[in-house]
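Numbering (this note's numbering), first residue to last: 434 to 671.
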């Protein structure tokens, strides 16, 4: 797990890094840490897969943490952000930049440790890949980028964030999609149709509206179970 700490106060960076090492060393969990004294230095090195988790101080010299988080989200939307600050006034604005958590300074060890297990779980999910073959090329598609998958004749069509891929294969749809259905984010809502519930914008009377503005139908037979699964998933994600 790759973690960045961005804070202009060295003593605060040291405290957080010490607490993080205490937590992860207990579980023998492999982690890598980078620390930055300003948002500008952090953003200069930023790449889409650079970090799983970033701790951002809001009040810093130069660019503040909120503005840095907006750039971070555009570059690495799957990266988790935890804000650090002495004031709760920015808590609501944190939702605008998809902040995962908001921790007040001085840091409380118990509070920090209570949010880290779910961070680990989400980081593990973000590393999952679906292996597919297209035009003799092997691709690894992040689960998080798959919006939904469907059959069309003998083909499997994958609707991803930003693109669509068509798979021509002698392997059945169910075999190809088996890795997805073993992940709690994915739901079979009709025959030959699987959605990623992380990409559901809202539940309709006869389907899901996805966050790419496409509507995905739910069969009458599957509706009750699909609705229950989605509501359970949504509640757990709060």
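Think of the CB as a built atom: it goes at the ideal place given N, C-alpha and C, for glycine as much as any other residue. As the structure is a prediction and not an experimental result, all values here were calculated from the model.
- Spanning the alpha carbons of residue 656 and residue 535 requires a straight line of approximately 36 Å.
- A contact between stretches requires three or more CB pairs, one per stretch, nearer than 8 Å, and the segment 548 to 565 meets this requirement with the segment 608 to 621.
- The beta carbon of residue 485 is closer than 6 Å to those of 434, 435, 556 in its chain, skipping five residues each way along the sequence.
- Around the C-beta of residue 629, 16 or more other C-beta atoms lie within 10 Å, and the residue is accordingly described as buried.
- By a beta-carbon distance limit of 8 Å, residue 606 does not contact residue 586. Their separation comes to about 11 Å.
- Counted as a single uninterrupted DSSP element, the beta strand (DSSP E) harbouring residue 583 occupies residues 579 to 585.
- Residue 577 and residue 600 have their C-alpha atoms roughly 19 Å apart.
- Scanning its chain for C-beta atoms nearer than 7 Å, with the 5 sequence neighbours on each side dropped, one finds no residue around residue 667.
- Around the CB of residue 460, fewer than 16 other CB atoms lie within 10 Å, so the residue is classed as exposed.
- When rounded, the separation of the alpha-carbon atoms in residue 582 and residue 634 is 16 Å.
- Shown here, residue 619 sits in a strand according to DSSP, grouped into three states.
- Here residue 450 is not near residue 465, since their CB atoms are 9 Å or more apart.
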